[in-house]
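Everything on this sheet refers to the single structure shown next.
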Amino acid sequence: HSLALFLQALVHSSKCEDPGCKEAPCKKMKDLLKHRMQCSVRVRGGCEICRRVLCLVQMHARTCRTAKCKVPHCEDLKSHIQHQLQEQRMAQAQRGRLRQGRAG
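Residue numbering for the sequence shown follows my numbering, beginning at 2 and increasing consecutively.
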């Protein structure tokens, strides 16, 4: 349940332009997204905040169907996920052809 609230806050805060927004999680999520954009340590350097924000954005991107989504990096992640799925399908098809060749 709390994960769904975090995902809702992510989407809301990515679109919200009201600096005085009354939604409680909005400012917190905006602060987390701002941290992610400005952090010099990043995920690869071991920043736990960046890792958590990235995980949340990745979860969002897996199910997002919004064209030109405002969530930072959502569009990049959606295309990356689609590319990975295509590669997996091609590898499965090739394995299937190899199995058929051995069986025949």
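Every residue gets a Cβ at the ideal spot worked out from N, C-alpha and C, and that includes glycine.
Remember, predicted model here, so these are calculated numbers, not experimental data.
request  = Kindly indicate which three-state DSSP category Glu18 falls into: helix, strand or coil?
outcome  = In the sequence shown, residue 18 corresponds to position 17, counting from 1. Residue state, collapsed to three classes: coil.
query = Just how far apart, CA to CA, sit Cys22 and Cys65?
reply = Here residue 22 is taken as the residue at index 21 of the sequence shown, counted from 1. Here residue 65 is taken as the residue at index 64 of the sequence shown, counted from 1. Using only the alpha carbons, I get a separation of about 24 Å.
ask   = DSSP state of Thr67, grouped into three classes?
value = Walking along the sequence shown from the start, residue 67 turns up at place 66. Reduced to three states, the DSSP call for Thr67 is coil.
Cβ shell of Cys70 (< 7 Å), same chain only, five flanking positions each side left out = What you label residue 70 is simply residue 69 of the sequence shown in a count that begins at 1. Sequence-distant Cβ neighbours of Cys70 in its own chain, meaning closer than 7 Å and more than five residues away, are Glu76.
query = Cβ atoms of Ser15 and Pro73: under 8 Å apart, would you say?
reply = Residue numbering aside, residue 73 sits at position 72 when the sequence shown is read from its first letter. Residue numbering aside, residue 15 sits at position 14 when the sequence shown is read from its first letter. Cβ atoms of Pro73 and Ser15: closer than 8 Å.
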